[in-house]
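The sequence shown begins at 1 in the UniProt record's numbering and counts up one residue at a time.
Cβ coordinates follow ideal geometry from the N, Cα and C atoms, glycine included.
Fair warning: this is a prediction, and the values are worked out from it, not measured in the lab.
Worksheet for the structure shown next.
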Amino acid sequence: DTEEHNTIGEAFAAVSIKVGEETTVTESAPYFIQKPTSIKVTLGEDAMFKCKVQGSPPLSVNWEKDGKHLRSRADANRFQMESAGESNALTIQCARLGDSGTYTCRAENPIGSASASAALVVETQGSHNPGSIPCPTLARVRSN
1 DTEEHNTIGE AFAAVSIKVG EETTVTESAP YFIQKPTSIK VTLGEDAMFK
51 CKVQGSPPLS VNWEKDGKHL RSRADANRFQ MESAGESNAL TIQCARLGDS
101 GTYTCRAENP IGSASASAAL VVETQGSHNP GSIPCPTLAR VRSN
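Written out as structure tokens, the structure reads:
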């Protein structure tokens, strides 16, 4: 009789330890499930970086280029940042040669921060004059 009682007690102990572990996990610094990957695009195309981040709220995700916030750029409207839950995306519309560089997805919460970087290479198309390539994004905006 007493032996059976012990195993039940042990099972309860194991369960309470597991619950304890789960509560500690909720308070975590940001970490990447998916890091952005380096890409190569042709001048005038759209480029997209994606990253997936988890961590305790409040969690803020920002994108930087060569260490500077993209939001503070004069042409910030070409850089579209989207976030849906853990998924974050940065779309660079109508890539220019000057957009080449290192882009960083930086996640921060009160506990810590994490960042992951990827490179963007913008290439000119063959013999085209860089100034003569129309931006598809500008053509899309015309009204009916």
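Asked, Found
"Buried or exposed: which applies to Gly112, given that a residue is buried once 16 or more other Cβ atoms fall within 10 Å of its Cβ?", "exposed"
"Would you kindly report the start and end of the unbroken beta strand (DSSP E) that includes Gln34?", "Tyr31 to Gln34"
"Does Ile92 pass the burial test, meaning 16 or more other C-beta atoms within 10 Å, or should it be called exposed?", "buried"
"Determine the contact status of Leu43 and Arg96, defining contact as a CB-CB distance below 9 Å.", "yes"
"Would you call Tyr31 buried or exposed, if buried means 16 or more other Cβ atoms sit within 10 Å of its Cβ?", "exposed"
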